[in-house]
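Numbering (our numbering), first residue to last: 75 to 184.
See the structure below:
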C-alpha cells in the first residue's frame, strides 16, 4: 500500500465517510486533481491548483466553482458562468464523497 503525505489546513474538517456529502475537507483534491483539475492544473499528480481555502468558512472549495473568474483570468472571465455550471456536474458537487483515501494525523507514524 502506497503512502502519500498531503498538507491539510489545520482548521479543515475531517474527511467524511464515502457517500456522505462533501464537507470541504480537501483531502481528495490535495492528493490529486480530478479530470477537470488536471485540465486546470496541467498536471496529473499532486494538489490541484484550482483548490481554494476559505478562511471565512474554514473549508476547501473547488475554485472552478468558487473562483471561476480568478482561474480563467481577465481574457476568459466571460466564460466563468459556463465553467461553474460544468464544474458542478463534472465534480458531482453534492453527490457525496467518493474518496476512499484514509487519513492519519501528522503525529501518527506508519
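Idealized CB from N, CA, C, for every residue including glycine.
Distance between residue j and residue i (C-alpha atoms, nearest Å)
i: residue 157; j: residue 126; result: 16 Å
i: residue 97; j: residue 87; result: 7 Å
i: residue 95; j: residue 114; result: 24 Å
i: residue 81; j: residue 106; result: 12 Å
i: residue 155; j: residue 128; result: 20 Å
i: residue 111; j: residue 178; result: 24 Å
Where residue i sits in the DSSP three-state scheme
i: residue 140; result: helix
i: residue 128; result: strand
i: residue 88; result: coil
i: residue 133; result: strand
i: residue 118; result: coil
Identity of the residue in the options nearest residue i by Cα
i: residue 134; options: 89, 149 and 112; result: 89
i: residue 130; options: 142, 85, 179 and 178; result: 85
i: residue 92; options: 178, 180 and 169; result: 169
i: residue 161; options: 171, 142 and 172; result: 142
Local Cβ density within 10 Å of residue i, reported as buried at 16 or more and exposed below that
i: residue 153; result: exposed
Query raised in the report: Would you say the region 142 to 154 touches the region 76 to 95, given that touching needs at least three Cβ pairs under 8 Å?
Result: no
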